[in-house]
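Structure, rendered in structure tokens:
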């Protein structure tokens, strides 16, 4: 969600979001966070045909549109809002794209539903689960808005989710620059963070902008030359006003 409360027909309201009111957008990004494509939800106008494909639904139609330029052999990860069996069949059979995602229980085909034996029933049969003492990292839940434990948890930069022209392009450029430098095995001290990269880009743009004083001097010079050609006085306007305010002498005083 892009926070926005202005007057527009694109504004949506989605509950259980940190910013429930704003512009709803769908993005396709790389694992590094580089945004490749995005779609702003516009209601029925989002789809060229005027409505999403009935077999895929809204979520599946969004994935199909975003995966238009994805080459075969790649893997697309999505959440339960987009995943359905028909979308997976389309990506696998027609596009040659692998897909991974959670799915709602209501979207699971009846032929795929199998009743799993509970742990209690297994223990009654004398079957127990055995695990090793060496385990992976314990997953920790991270809320959308952190109100506590800020030193232990940290979310990604907020600007990664704001596709707003300059900021959007700047962040994508920073991600690409960082990945290129890591591919060249440059030391971490030479890899700029987002703030340093932003300052660097601003300095480069400032160096390429012509001097303001030079532009003013050239403008004044061109104005004075054109005034001389027309016979217009080049005297400063303040001096002209002072002379105009002087009282003219009376005839008997001349």
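Residue numbers (full-length UniProt numbering): 1 to 254. For glycine and all other residues, C-beta sits at the position ideal for the given N, C-alpha and C.
query, result
"Close beta carbons around residue 12, own chain, < 6 Å, minus the five adjacent residues each side", "24"
"Given residue 181 as reference, the closest of 172, 192, 96 once Cα atoms are compared", "192"
"Selection from 61, 32, 105, 18 that minimises the alpha carbon distance to residue 258", "Lying before the first or after the last residue shown, residue 258 is absent from the chain, which here runs from 1 to 254."
"Residue interval of the alpha helix (DSSP H) (run including residue 50)", "Run containing residue 50: none; DSSP gives neither H nor E here."
"Residue 88, buried or exposed, once every other Cβ within 10 Å from all chains shown has been counted against 16", "buried"
"Cβ-based neighbour list, residue 79, same chain, cut-off 7 Å, excluding 5 preceding and 5 following", "101, 102"
"Status (buried if at least 16 other CB within 10 Å, exposed otherwise) for residue 90", "buried"
"7 Å CB neighbourhood of residue 66 in its chain, flanking five on each side removed", "26, 28, 37, 39"
"Contact set for residue 22: own chain, Cβ-Cβ below 6 Å, skip 5 residues either direction", "1, 2, 3, 4"
"Helix, strand or coil at residue 77 [DSSP, three-state]", "strand"
"DSSP three-state assignment for residue 89, whether helix, strand or coil", "helix"
"First through last residue of the alpha helix (DSSP H) which encompasses residue 197", "194–208"
"Alpha-carbon to alpha-carbon, residue 198 and residue 212", "At residue 212, the pLDDT of 47 sits below 50, so the modelled position is not reliable and the matter cannot be decided from this model."
"The stretch 45–54 touching the stretch 70–84, judged by at least three CB pairs closer than 8 Å", "no"
"Residue nearest to residue 265 in terms of C-alpha spacing, selected from 171, 14, 8", "Because the chain here runs from 1 to 254, residue 265 falls outside it and cannot be looked at."
"DSSP state of residue 4 mapped onto helix, strand, coil", "coil"
"Euclidean distance between Cα positions of residue 195 and residue 202", "11 Å"
"Classification of residue 61 by the beta-carbon crowding that lies within 10 angstroms, buried from 16 upward", "buried"
"Between the CA atoms of residue 84 and residue 116 - distance to the nearest angstrom", "21 Å"
"Beta-bridge pairing of residue 29 - partner residues as DSSP gives them", "35"
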